[in-house]
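The structure appears below as structure tokens.
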């Protein structure tokens, strides 16, 4: 910035008379600039040569004319001095004004140049700042991304570490449990060793006793052999007596043949095809009866229900206490097993021959562990022969054991543990237990394992009729029985 200088700092030079005109001037030097001012002449002022200086002594009383002239001269000099003083003051004011104007102009130029330079520098600085800011932003973004990745990795490592710690804790607990179990097994082994030692001692004692008994038995056998020899000799006499008795019997038989006075006609036994025929013949009491296969003389024992819904029902299957194992082979289910008075399966061959001889109705009775009862009835029911794996055919559903039939759809083939005919690769007869028309395992199996009592545990291999009470239903009684449709 420009600086204002006071007037006292200016260098002022007064120069002597220039040329013959003897005019005087003032020259002012201010930095590189110089100012020259011409001074006016003073009137009635004698030249310098008029003033002579002598070494003579002045008189005490100069003449009056000389005193008057000196007074005028003094006044003139004072006036000139006053004029010069005023002129110098004006000059000083003028110089100060010019200096101030030039300094202000210089300041304005300097300020403009400096402002332009500063603007350019500021623009460059702004550009550089923007570039640096962008670079810093990029670096900050990279740092943030790297920090985020590191935080994610740290979190993953933390989760992995927690997982490892949990696994180590579980393994430690498992090792502790196994150590406890091992200690328990060692204790049991020690107890078993002690028990076995005692049993071994007891067996040794028993062995000695058996050896003594064997010795006594040997003596007894020797004595019996001796007695047998005696008995053999006695049997010869007995054989003679037996021969005599046989001859007597032959004579009696010959005599009986000749006696034709009394003739006895044999009583013909009446055989029924199903319990409905027995009911119509007058047998109305429920119980175990003998039926013959249709178009055959082969006999089968069945239970006849002569009371439920009008009677005449031939029972094909019955479960009530779990005393009979229903996990049987194909041959067992073909021929039947169990006792008609208790739990049994009448046999697939009998069911086929019976239901293919005429139209039959199937009735399924159910009872749960709480005593609740329900039934499912099918107006049409029959099975194919063994060549078609005793395929099931049943339709016309009604009853109280669910709004939908739990029996496998028509066409399902019978399967057992040794003969898989279902449509599932899992072998339903082995998984669900028992022989049944499984198809793809299906919603029913009345030949599963018998579980007594109620339970919240779903047992896949138990007796089930899904649409009655769901998979947790435990039936304590099931009955499958048929009757002719025209009964």
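In mature numbering (1 follows the signal peptide of the UniProt record, and there is no 0), the protein residues as written are -19 to -1, 1 to 468. By construction, the Cβ of each residue, glycine as well, lies at the ideal position given by its N, Cα and C atoms.
So is residue 242 buried or exposed if we call it buried at 16+ other beta carbons inside 10 Å?
In this prediction, residue 242 has a pLDDT of 46, which is less than 50 and means its spatial position is unreliable; what the coordinates show is noted afterwards. Within 10 angstroms of the beta-carbon of residue 242 lie fewer than 16 other beta-carbons, which makes it exposed.
Where residue 359 falls: helix, strand or coil (DSSP)
For residue 359, the three-state secondary structure derived from DSSP is strand.
Say whether the region 330 to 339 touches the region 359 to 367, bearing in mind that this needs 3 or more beta-carbon pairs closer than 8 angstroms, one atom from each stretch.
Touching, yes.
Cβ atoms of residue 461 and residue 345: under 7 angstroms apart, would you say?
Yes; because the gap between Cβ atoms is below 7 angstroms, this pair is in contact.
If the criterion is Cβ atoms closer than 7 angstroms, does the pair residue 311 and residue 397 meet it?
Annotated as proximal: residue 311 and residue 397, with beta-carbon spacing under 7 angstroms.
Among the candidates 139, 394, 261, 256, whose CA atom is the shortest distance from the CA of residue 271?
The shortest Cα separation from residue 271 among 139, 394, 261, 256 belongs to 256.
Determine the closest residue to residue 379 out of 359, 395, 369, 370, with distance taken between C-alpha atoms.
If we check each option's Cα against that of residue 379, 359 comes out closest.
Could you compute how far the alpha carbon of residue 208 sits from the alpha carbon of residue 316?
Their backbone Cα atoms lie some 51 angstroms apart in a straight line.
Hey, residue 269 and residue 284 are a contact pair by Cβ (cut 8 angstroms); roughly how many whole angstroms apart?
Indeed they touch by this definition, with Cβ atoms about 5 angstroms apart.
Using 10 angstroms around the beta-carbon of residue 14, count the other beta-carbons present and answer buried if the total reaches 16, otherwise exposed.
Counting Cβ neighbours within 10 Å, residue 14 comes out exposed, since fewer than 16 surround it.
Can you tell which of 338, 307, 340, 302 has its C-alpha closest to the C-alpha of residue 323?
Nearest in C-alpha terms to residue 323, of all of 338, 307, 340, 302, is 302.
Given this structure, state the Cα-to-Cα distance separating residue 422 from residue 321, to the nearest angstrom.
Spanning the alpha carbons of residue 422 and residue 321 requires a straight line of approximately 28 angstroms.
What does the Cβ neighbour count give for residue 417, buried or exposed, with the cut at 16 atoms within 10 Å?
Under this definition residue 417 is a buried residue.
Please state if the CB of residue 447 and the CB of residue 387 are separated by a distance shorter than 7 angstroms.
Contact: yes.
Go through its chain and collect everything with a Cβ distance to residue 355's Cβ below 6 angstroms, but skip five positions before and after it.
Counting only residues of its own chain and dropping the five nearest sequence neighbours on each side, residue 355 has a CB closer than 6 angstroms to the CB of 347, 381, 382, 449.
Enumerate, from N- to C-terminal direction, the unbroken alpha helix (DSSP H) stretches of 4 or more residues contained entirely within the region 258 to 345.
Qualifying alpha helix (DSSP H) stretches, in chain order: 311 to 316, 329 to 336.
Expected contact under 8 angstroms - CB spacing of residue 341 and residue 466 to nearest Å
Residue 341 to residue 466, Cβ: 7 angstroms. Contact.
With 16 other CB atoms within 10 Å as the buried threshold, where does residue 231 fall?
Its Cβ having fewer than 16 others within 10 Å, residue 231 is exposed.
Of the residues 445, 273, 164, 177, the one placed nearest residue 431, counting alpha carbons only:
For the residues 445, 273, 164, 177, the minimum Cα distance to residue 431 belongs to 445.
Excluding the five sequence neighbours on either side, which residues of its own chain have a C-beta within less than 8 angstroms of the C-beta of residue 265, listed in chain order?
Scanning its chain for C-beta atoms nearer than 8 angstroms, with the 5 sequence neighbours on each side dropped, one finds around residue 265 the residues 287, 292, in chain order.
Here's the rule I'm using: 16 or more other beta-carbon atoms within 10 Å means buried, otherwise exposed. How should residue 183 be labelled?
Burial call: exposed.
Where residue 229 falls, given that 16 or more other Cβ within 10 Å makes a residue buried
Exposed: under 16 other Cβ atoms inside 10 Å.
Rounding to the nearest angstrom, what Cα-Cα distance links residue 141 and residue 149 in this structure?
Inter-residue distance for residue 141 and residue 149 is about 12 angstroms (C-alpha atoms, whole angstroms).
Could you tell me the alpha carbon to alpha carbon distance between residue 199 and residue 190, rounded to whole angstroms?
Cα to Cα, the separation comes out at about 14 angstroms.
What are the partner residues of residue 445, as DSSP defines its beta bridges?
In the DSSP assignment, the residues bridged to residue 445 are 426.
Can you tell me whether residue 375 is helix, strand or coil according to DSSP?
It is a strand residue.
Tell me whether residue 409 sits in a helix, a strand or coil according to DSSP, three-state version.
Taken through DSSP and simplified to helix, strand or coil, residue 409 comes out as helix.
I need the DSSP call for residue 175, collapsed to helix, strand or coil.
Secondary structure at residue 175: helix, using DSSP grouped into helix, strand and coil.
Between residue 17 and residue 76, what straight-line distance do the alpha-carbon atoms span, to the nearest angstrom?
Each residue's Cα considered, the two are about 12 angstroms apart.
Please state the DSSP three-state secondary structure of residue 84.
Helix at residue 84.
Rounded separation between residue 136 and residue 147 - CA only:
Note on geometry: alpha-carbon atoms of residue 136 and residue 147 lie some 16 angstroms from one another.
Assign residue 351 to one of three DSSP states: helix, strand, or coil.
If DSSP states are grouped into helix, strand and coil, residue 351 belongs with coil.
Please state the DSSP three-state secondary structure of residue 380.
Strand.
Mind checking who residue 417 pairs with in its DSSP beta bridge?
Residue pairing of residue 417 in beta bridges, as defined by DSSP: 396.
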